[in-house]
Structures are given as structure tokens and as C-alpha cells.
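Below is one structure, written out as C-alpha cells, with a few remarks after it.
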Amino acid sequence: MSLRISDSIIWQETGDGISLYHTETGDFHSLNETGSKIWELVASEGEREKIITRLAEEFAGDNALVTVHIMRDVDRFLASMVEQGLLEE
Numbered sequence: 051m052s053l054r055i056s057d058s059i060i061w062q063e064t065g066d067g068i069s070l071y072h073t074e075t076g077d078f079h080s081l082n083e084t085g086s087k088i089w090e091l092v093a094s095e096g097e098r099e100k101i102i103t104r105l106a107e108e109f110a111g112d113n114a115l116v117t118v119h120i121m122r123d124v125d126r127f128l129a130s131m132v133e134q135g136l137l138e139e
């Protein structure tokens, strides 16, 4: 799945993560460290599989169970961001 940040989103890195502002709805969002890492990978990689691979390499090593958890959590996060109009497929 190819992803990109919506043109309606203004975002910036802060000391606590990433802050998002949706210009069409006026909603603000703050991403924690994990969400910020995924957001940055969307910005640089744009592909779900690449994002999961990068996170699995960094955090799971050879542990297949952890990789499955990463895949599930990333899928949930990305689906939520698409549903809220923050990311586009």
C-alpha cells in the first residue's frame, strides 16, 4: 500500500514527538515517539511494507513474533491515520 501525507496536514517535529494540524478540520494531533517514527517513515518511504521492514529490522531482529506484532500495530496506526484524513492511500 502506497501512502502519502495529506496536503491538508501541516506537521512539525517537537521535543515530544510530532505535532499535526489538519487545515480542513482544525484538528490538532500529537504523536508519541512510536507514532512519530512511523510518520517519518511514511514521509520518507511511503510504502507500508518498507515501513514494517525498517521497524522490524530495528526492533524485532530475528524474532518473528515481534515482527507480527509490529505489522499488526503499524496496520492499525496507518488505518487510523487514513480514516482521520491525515494520510492518503
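All you need for this note's numbering is the position in the sequence shown, starting with 1, plus 50. Idealized CB from N, CA, C, for every residue including glycine. The model shown is predicted, which means the values in this text are computed figures rather than measured ones.
Straight-line gap, residue i to residue j (C-alpha atoms, nearest Å)
i	j	result
Ile59	Asp66	18 Å
Asp77	Tyr71	6 Å
Ser56	Glu138	6 Å
Lys87	Glu74	24 Å
CB contact flag (residue i, residue j, <8 Å)
i	j	result
Arg104	Glu97	no
Selected residue, minimal CA-CA separation from residue i, among the options
i	options	result
Gln62	Arg54, Glu90, Thr84 and Met51	Glu90
Asp123	Ile68, Thr84 and Leu136	Thr84
Glu99	Ser130, Glu133 and Asp125	Asp125
Residues of its chain near residue i, where Cβ-Cβ distance is below 7 Å and the 5 sequence neighbours each way are ignored
i	result
Ala110	Val116, Thr117 and Ile120
Ala93	Ile55
Sequence-distant residues of the same chain with beta carbon closer than 8 Å to residue i, five excluded per side
i	result
Leu136	Ile55, Ser56, Ile59, Leu70, His72 and His79
Curious, which full-length beta strand (DSSP E) runs of at least 3 residues does the segment 74-132 contain? 78-81
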